Amino acid sequence: MNKLQTIKHEVIWKSSVDLALEIMQVKAAPMPNKPSRSNLYTRIKTTFFVSGATFIVLLYVALPLVTALHKFLYPVAQDFTLVIASIIEIAIFITLIIMKTDGR
Amino acid sequence: MNQFYYYIFTIIAPALFIIISLIGIRLISYWWSFIFYWRRYRILKAVTTNDLRKLKLPHLKIQITTRGSEGSTEVILRGIKNVLQLVKDDPIFYRDILSVEVITESLAQGAIIKKAFASSDINIDALVLPQNYQTENGTQLKARGLHYVVERRRDGWNKTNRKTFIVHYDEESVMTPGELRKLFARLSQTDKKILEGPIYYPLEYMQASPLCRAMEANRPIGCYECRHVMESGLPLHLHGSNLIIDEDIENEIGWDIGSLDGQAFIAEDYVFGMNAFVKYGKDIFGWHGCVMLEQPPFSIKSAFKQRYRWIFGVLQGMTMVKRIPSFSTLPYKIRLNIIWGTRYRIATFALGSIVGILSLLVMPLFTVRAINYLSNYSTQLLSELANIWLGTVGMMWLGSIFIGTWYNVIYAGLDRWTMIGEVAKNVLVAPAAGIIESSAAFWAVIQWSAGKRTVTWVPTPKTKASDIAVNAGVQTA
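Protein chains in written order, with our numbering: chain A, 38 to 141; chain B, 303 to 779.
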């Protein structure tokens, strides 16, 4: 590489570092997640997802438990009422631990 | 048709029940740690800079090891900026106890980082890995860079006059100032040499595909098990980020892990943990309980490759461990725990795909028969105990998704409705996400069993644009 080429290379190299740095600094915000705001569409979506999740919990958790406990629960009350009440109780217990440990 | 379906069910159901039980037993270990030892999982009490002044503090060297691929610079700058947020508390105080070292294979990236932080209040250094650098044992991939730093440190590079810990970051890792202060306080009081902490995945959260977000929900609860294995001193898995190592120990062991039958190791963290265990025993391992934040893979393809690499890497590591001469001198029970403990963990991960697919086949019959039974039209398909067990495993599985998503979204800057929607969505898509995730592990096991040994190190892309480019097969820098 002759002297002119070396200078040219250095100029390109230095300016490309400066340019890249400028671009990166803009992109690299300390925390990139901007707080979102809920709107009606978000709330409708959330309602849909909560219904879907409830269905999955019924299918994978409540149904086998209700089936298993049917003959013991039946004389006491409606199967689903008791099992779902128990699941909600467990969920509250889990939620309390998560809230303790999530560090907010 | 009904008879045929019922016949299939009688064949599938027992196998399915056994596999679900294997997975269920592992879930119990997560939940045991979650319910009975949650206080040990995280340090919750806030620590101030004033509190730190009263302690005998070690020096923390934050080390970011990167290949320098496209998209990595932005996320590295983000991690360092969060460190500098802490330094703003008292630059003179932190100057002596905190520094950042980036080891990269990219000359341009090294220059950008040096330039960006040339006038910062703490030492932020970038080391470019020479292209022709070779370790004594011919180590490749990430461990090659890690060992290069070790060799430089052995020669006195950035030497400090205090006890020093190396805090290993991935490219995208972030520790908030509050967690870094807790980390200083924790490390000032520990006699452990290798420690790990929990990782959550809230960064760039909504940029990732919904199925990737659901897959990441499994990981924070996995850290409850990680806490248990680190505190019991049997490092069945050691993740390479939020990994903190006493500098003297790291310099002594090094990362020159060589290769396995000519193929580079892709789980250098697991291999390092096993080397340390064989050399120093269980007492050097511990849990620090300070949270690191990272980001989920952006696409299913990237997530699949990442999971594949984990399992393939651990299979490599397990083979290597058995070849270490001193391994055979360990007590029989410990060897059994390491080998079968690792095999069990791989098996439960990989078999998730079988369970997922078979469950989809069995579920319609199971559901119809259960409803008929409840209406007093038919008998039960399974015994009461079997049903209780299946329901409990289901609860533990969906519960772990619930917990993991909560931890991930809590730092993702979402409003309350979106957060609730996100938790619910992850539970809703959990059956599909579980199949995809564990299929990667299953595929890795199949490939390994079929004799495949070749590996490549392509880090998970760190920006959406680089993810698209990498998965489209475009060559990146």
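Glycine included, C-beta positions come from ideal geometry on N, C-alpha and C. If you're wondering where the values come from, they're calculated on a predicted model, not measured in any experiment.
Query, Result
"To which residues of the same chain is G654(B) closer than 6 Å at the C-beta, ignoring the five residues directly before and after it?", "G736 and S740"
"Say whether the stretch 129-138 of chain A touches the stretch 607-626 of chain B, bearing in mind that this needs 3 or more beta-carbon pairs closer than 8 Å, one atom from each stretch.", "no"
"Return the chain-ordered ranges of every alpha helix (DSSP H) run that is complete within the stretch 381-411 of chain B and spans a minimum of 4 residues.", "393-397"
"Please list the residues of the stretch 723-743 of chain B that have a C-beta atom closer than 9 Å to any C-beta atom in chain A, keeping them in chain order.", "G723, E724, V725, A726, K727, N728, V729, L730, V731, A732 and P733"
"Over the uninterrupted alpha helix (DSSP H) stretch that includes A428(B), give me the two end residues.", "Not the alpha helix (DSSP H): A428(B) falls in the beta strand (DSSP E), residues N425 to V430."
"Taking Cβ positions only, does A672(B) come closer than 8 Å to chain D?", "The chain inventory of the structure shown lacks chain D, comprising the protein chains A and B."
"Let me see if you follow: with CB-CB separation under 8 Å, is A122(A) close to chain B or not?", "no"
"Which residues, taken in chain order from the stretch 80-101 of chain A, show a beta carbon closer than 9 Å to some beta carbon of chain B?", "R80, K82, T83, T84, F85, F86, V87, S88, G89, A90, T91, F92, I93, V94, L96, Y97, V98, A99, L100 and P101"
"Would you list, in sequence order, the uninterrupted beta strand (DSSP E) runs of no fewer than 3 residues that lie entirely inside the stretch 563-594 of chain B?", "587-589"
"Should R455(B) go down as buried or exposed, given a rule of 16 or more other Cβ atoms within 10 Å for buried?", "buried"
"Of all the residues that make up the stretch 682-702 of chain B, which are near chain A by a beta-carbon distance shorter than 7 Å?", "Q682, E686, N689, I690, L692, G693, G696, M697, L700 and G701"
"Assign G591(B) to buried or exposed, taking buried as 16 or more other Cβ atoms, counted over all protein chains shown, within 10 Å of its Cβ.", "buried"
"Using 8 Å as the threshold, is the stretch 513-521 of chain B in touch with the stretch 387-396 of chain B, meaning 3 or more CB pairs across them?", "no"
"Nearest chain B C-beta to T143(A) closer than 8 Å, yes or no?", "Given that chain A is displayed from residue 38 to residue 141, the structure contains no residue 143(A) and the question cannot be resolved."
"Can you tell me whether H470(B) is helix, strand or coil according to DSSP?", "strand"
"Along the chain, where does the alpha helix (DSSP H) that runs through E724(B) open and close?", "R718 to S751"
"Could you give the residue range of the beta strand (DSSP E) that holds I496(B)?", "I496 to E498"
"Work out the CA separation of N460(B) and M477(B) for me, nearest whole Å.", "22 Å"
"Tell me, please, whether the CB atom of I125(A) is closer than 8 Å to any CB atom in chain B?", "no"
"Output needed for N766(B): all residues of its chain with C-beta closer than 8 Å, excluding positions within five of it in sequence on either side, in chain order.", "Note on identity: in this sequence residue 766(B) is Lys, with Asn being the wrong assignment. Closer than 8 Å at Cβ, skipping near neighbours: E506, Q509 and F600."
"Within 8 Å, do at least three Cβ pairs link the stretch 325-336 of chain B to the stretch 634-653 of chain B?", "yes"
"Measuring alpha carbon to alpha carbon, tell me which residue in Y450(B), E438(B) and W557(B) is nearest V430(B).", "Y450(B)"
"Quick one: give me the first and last residue of the alpha helix (DSSP H) that I802(B) is part of.", "A question about residue 802(B) goes unanswered here, because the residues of chain B that appear run from 303 up to 779."
"Decide if Q491(B) is buried, meaning its Cβ has at least 16 other Cβ atoms within 10 Å, or exposed.", "exposed"
"Along the beta strand (DSSP E) that carries Q682(B), what are the first and last residues, could you check?", "Segment: none, Q682(B) is in no beta strand (DSSP E) and carries neither H nor E."
"Cβ of V452(B) within 8 Å of Cβ of N553(B)?", "yes"
"Going along the chain, which residues of the stretch 341-372 of chain B sit with their C-beta nearer than 7 Å to a C-beta in chain A?", "Y343, R344 and L346"
"Looking at the structure shown, is H361(B) part of a helix, part of a strand, or coil, going by DSSP?", "strand"
"I need the straight-line Cα distance from L329(B) to L102(A), nearest angstrom please.", "18 Å"
"Any idea if N463(B) is buried or exposed, counting beta-carbon neighbours within 10 angstroms, 16 or more meaning buried?", "exposed"
"On the three-pair Cβ rule with 8 Å, is the stretch 484-500 of chain B touching the stretch 522-533 of chain B?", "yes"
"Is there at least one Cβ from chain B nearer than 8 Å to I134(A)'s Cβ?", "yes"
"Let's see if you can read the secondary structure: which residues bound the beta strand (DSSP E) around L545(B)?", "L545 to D548"
"Counting only the same chain and skipping the five closest in sequence on each side, list residues whose C-beta sits under 6 Å from that of S331(B).", "E527"
"With which residues is S561(B) paired in a DSSP beta bridge?", "A566(B)"
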